[in-house]
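Participant: Each residue of the sequence shown is one higher than the one before, starting from 25 at the first, in this note's numbering. Submitted below is the structure of interest, expressed as structure tokens.
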Amino acid sequence: MKDNVKVGLLGLGTVGTGVVKMIQDHQEQLAHRVGCSVEVTKVLVKNVDKKRDVELSKESLTLDPYEVINDPDVDVIVEVMGGIDDTKKLLLDALNQKKHVVTANKDLVALYGSELLKAASENGCDFYYEASVAGGIPIIRGLADGLASDKIKTLMGIVNGTTNFILTKMNKEGMCYEAALKEAQDLGFAESDPTSDVEGLDAARKMAILARLAFSMNIELEDVDVSGISSVSDSDLKHGQTLGYTMKLIGYADQSDARAEVSVQPTFLSNDHPLASVNDEYNAVYVYGEAVGETMFYGPGAGSLPTATSIVSDLVAVITNMRLGVNGKSISAPQFEKQLKKPEEKFAKYFIRLHVRDEVGAFSELTKLFSANSISFEKILQLPLEEEGVAEIVIVTHKASMENYQKMQEQIKDLAVVRSIESFYRVEGEGAK
């Protein structure tokens with residue numbers, strides 16, 4: 025039984041530095057927890073001469089990833105370098121050399137998680153990825169272990185801190201989208217190219233990972249319906265507030281009758297919903313289980329030390345398994361064949377904002393069209409506009425099937441009284457059920 029576990033680190037950026045700091049600063053606690061010392065002995069960097077915030081010998085630094093992977097003394101590979109295809113090859117090579125792998129790479133796990141888990145199982149290795157979703161929040165372990173005995177019915181998540189920060193500024197301070205995005209960039213919450221965040225792609229990758237685990241079904245990234253927040257207007261938010269709603273970018277996954285749906289989209293939440301009060305760059309995942317009912321995981325979704333906390337927790341799990349001789353035993357293939365819901369099996373409430381001709385009979389025509397598609401009204405606002413002869417109508421529907429809603433959307437464009445469809449969003453009430 026080893027009295028010193030050696031770690032190879034691929035990447036020494038913000039998160040990688042946090043991992044080294046935690047391992048070095050928490051040696052006594054780690055040794056007590058796992059029964060041996062833990063040491064970072066080989067690190068892939070871009071510049072071996074760069075001044076760093078952690079103490080590492082120059083001999084431990086390398087520009088060649090295979091010096092880390094092929095090092096016979098390295099037991100565990102921790103990957104925090106990012107990238108997809110090249111990184112996948114490196115990690116497969118590491119697993120094939122019987123080295124355990126811990127990663128924070130959501131893009132990689134979303135696209136190739138099943139393949140990497142299979143390789144880990146075949147080699148008797150662990151492959152852990154807690155930090156790939158929601159930073160320091162232990163949602164992966166919560167689903168895999170804490171709720172393992174339950175049947176998860178619904179997941180709803182704020183899993184992108186950038187968009188949550190932007191929408192908080194728009195909701196709370198009345199900022200326009202462009203100003204809120206600029207502040208997020210100035211504070212380092214958003215990249216110079218924010219496309220992946222604001223168009224929902226980052227959240228979609230995370231929801232694919234969560235849904236795959238929660239439903240034990242091989243959900244892939246292409247199965248996630250995605251839309252972002254770049255078209256959300258201050259008018260939408262003001263009308264939502266009037267009706268008692270808060271806008272969030274919500275990752276939604278639901279399973280019923282062995283069929284699943286997964287989406288990421290701007291969503292109006294009832295102010296009473298647990299996720300409605302999650303603000304700024306924080307993340308949260310709301311889980312509805314058949315037995316446990318409602319639970320929620322909340323915390324920082326990114327950052328050096330929160331993310332490093334999840335990585336080191338995975339590292340502790342790997343070393344514990346090494347000490348017990350059970351590495352690779354906890355990995356299981358998806359239990360169920362993937363079955364996705366059809367449009368007629370997806371139900372939701374909808375917020376629709378229209379500009380219509382302000383004339384007698386206009387609302388009657390709208391009502392007739394909605395009724396023909398089996399869609400009824402829950403809330404209605406009618407407001408005058410500065411343009412003479414035009415009114416704004418905001419409708420929140422009762423639950424309707426996506427099939428009927430999409431038919432109505434196509435047909436409403438042909439109504440002579442409708443000038444334009446300004447916006448439409450999903451609406452969620454107080455909880456999942």
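Cβ atoms here follow ideal geometry from the backbone N, Cα and C, with glycine treated the same way.
In angstroms with no decimal places, state the Cα-to-Cα distance between F151 and V104.
Facilitator: Roughly 14 Å between the two C-alpha positions.
Participant: Mind checking Q289: buried by the 16 CB within 10 Å criterion, or exposed?
Facilitator: Label assigned to Q289: buried.
Participant: Verify whether the separation of the beta carbon atoms of K230 and V183 is less than 9 Å.
Facilitator: Yes, Cβ-Cβ distance for K230 and V183 is below 9 Å.
Participant: Count the other CB atoms within 10 Å of the CB of T41; is the residue buried (16 or more) or exposed (fewer)?
Facilitator: Flag for T41 reads buried.
Participant: Whose C-beta lies closer than 6 Å to the C-beta of D99 among residues of the same chain, with five residues either side of it excluded?
Facilitator: Cβ within range, chain order: V29 and K30.
Participant: Note the first and the last residue of the continuous beta strand (DSSP E) segment covering D278.
Facilitator: Element bounds for D278: Y269 to S280.
Participant: Contact check, T186 vs D221 under 8 Å by CB: the rounded distance?
Facilitator: Their Cβ separation, rounded to whole angstroms, is 4 Å, which keeps T186 and D221 in contact under 8 Å.
Participant: Less than 9 Å separating the beta-carbons of F375 and G264?
Facilitator: In contact: F375 and G264 (Cβ atoms closer than 9 Å).
Participant: Grab me the residues of P298's own chain with a C-beta within less than 8 Å of its C-beta, minus the 5 sequence neighbours each way, in chain order.
Facilitator: Closer than 8 Å at the Cβ level, and outside the excluded window around P298, lie A308, Y310, E318, M320 and G455.
Participant: Starting from K30, follow its DSSP beta bridges and name the residues at the other end.
Facilitator: For K30, which the question treats as bridged, DSSP gives the partners E63.
Participant: Could you have a look at P358 and say whether DSSP puts it in helix, strand or coil?
Facilitator: If DSSP states are grouped into helix, strand and coil, P358 belongs with coil.
Participant: Are the beta-carbon atoms belonging to V286 and G275 less than 9 Å from one another?
Facilitator: Yes, these two residues count as a Cβ contact at 9 Å.
Participant: Which same chain residues, not among the five before or five after L245, have their C-beta less than 8 Å away from its C-beta?
Facilitator: These residues qualify, in order along the chain: A134, L135, A228, R229 and A232.
Participant: Just to confirm the assignment: which complete beta strand (DSSP E) runs, minimum length 3, are found wholly within the stretch 373 to 438?
Facilitator: Whole beta strand (DSSP E) segments, 3+ residues: 401 to 408 and 414 to 421.
Participant: Please go through the same chain and pick out, in chain order, the residues whose beta-carbon is closer than 7 Å to the beta-carbon of S156, but skip the five residues on each side of it.
Facilitator: If we look at S156 and ignore the five residues flanking it on each side, its Cβ neighbours are T127, A128, N129, K130, V133 and I233.
Participant: With distance defined between alpha-carbon atoms, name the residue in V380, V67 and D338 nearest to E412.
Facilitator: Looking at the Cα atoms, V380 is the closest of the given residues.
Participant: Can you give me the Cβ contacts of K431 inside the same chain, cut-off strictly under 7 Å, excluding the 5 residues immediately before and after it?
Facilitator: Excluding positions up to five away in sequence, the list reads N397.
Participant: Mapping DSSP to helix, strand and coil, what is Y136?
Facilitator: Correct three-state label for Y136: helix.
Participant: Pick out whichever of V64, T65 and L87 has its Cα sitting closest to the Cα of K74.
Facilitator: When only C-alpha atoms are compared, the closest one is L87.
Participant: Count Cβ pairs between the stretch 102 to 120 and the stretch 189 to 206 that sit closer than 8 Å; are there 3 or more?
Facilitator: These segments do not touch.
Participant: Are H422 and K370 touching if we call contact CB-CB under 9 Å?
Facilitator: Cβ distance not < 9 Å, so H422 and K370 don't count as in contact.
Participant: To which residues of the same chain is Y306 closer than 8 Å at the C-beta, ignoring the five residues directly before and after it?
Facilitator: Within the same chain, Y306 has close Cβ partners I182, G185, N188, Y322, G323, P324 and G325.
Participant: If you run the structure through DSSP and keep just helix, strand and coil, what is M194?
Facilitator: Helix at M194.
Participant: Let me confirm a value: P89 is counted as buried when at least 16 other C-beta atoms fall within 10 Å, else exposed. Which label applies?
Facilitator: Classification for P89: buried.
Participant: Do you know offhand how far F239's Cα is from L329's?
Facilitator: Each residue's alpha carbon lies about 30 Å from the other.
Participant: Only counting the same chain, and skipping five residues up and downstream in sequence, which positions put a Cβ closer than 6 Å to that of E368?
Facilitator: So the qualifying residues of the chain are S425 and E427.
Participant: Starting from G40 and walking both ways along the alpha helix (DSSP H), at which residues does that stretch end?
Facilitator: Looking at the DSSP string, the run of the alpha helix (DSSP H) that includes G40 is T38 to D49.
Participant: Look at the Cβ atom of K123, then the Cβ atom of V78, and state whether they are nearer than 9 Å.
Facilitator: Going by C-beta atoms, K123 is not nearer than 9 Å to V78.
Participant: Leaving out five residues on either side along the sequence, give the residues of the same chain with a beta carbon under 7 Å from the beta carbon of Q406.
Facilitator: Cβ neighbours of Q406 beyond the five flanking positions: A415 and I417.
Participant: Identify the continuous beta strand (DSSP E) that holds E446 and give its terminal residues.
Facilitator: Segment V442 to E452, the beta strand (DSSP E) holding E446.
Participant: CA-CA distance, D278 and F360?
Facilitator: So the alpha carbons of these two residues sit roughly 15 Å apart.
Participant: Can you give the beta carbon distance from I190 to L205, rounded, assuming they're within the 8 Å contact cut?
Facilitator: That pair is a contact at about 6 Å.
Participant: So is R236 buried or exposed if we call it buried at 16+ other beta carbons inside 10 Å?
Facilitator: Answer is buried; the Cβ neighbour count reaches 16.
Participant: Excluding sequence positions up to five away, which residues of its chain have a Cβ less than 6 Å from the Cβ of S447?
Facilitator: Around S447: D260 and R377.
Participant: Mind checking whether R283 and L339 have CB atoms under 9 Å apart?
Facilitator: No, Cβ-Cβ distance for R283 and L339 is not below 9 Å.
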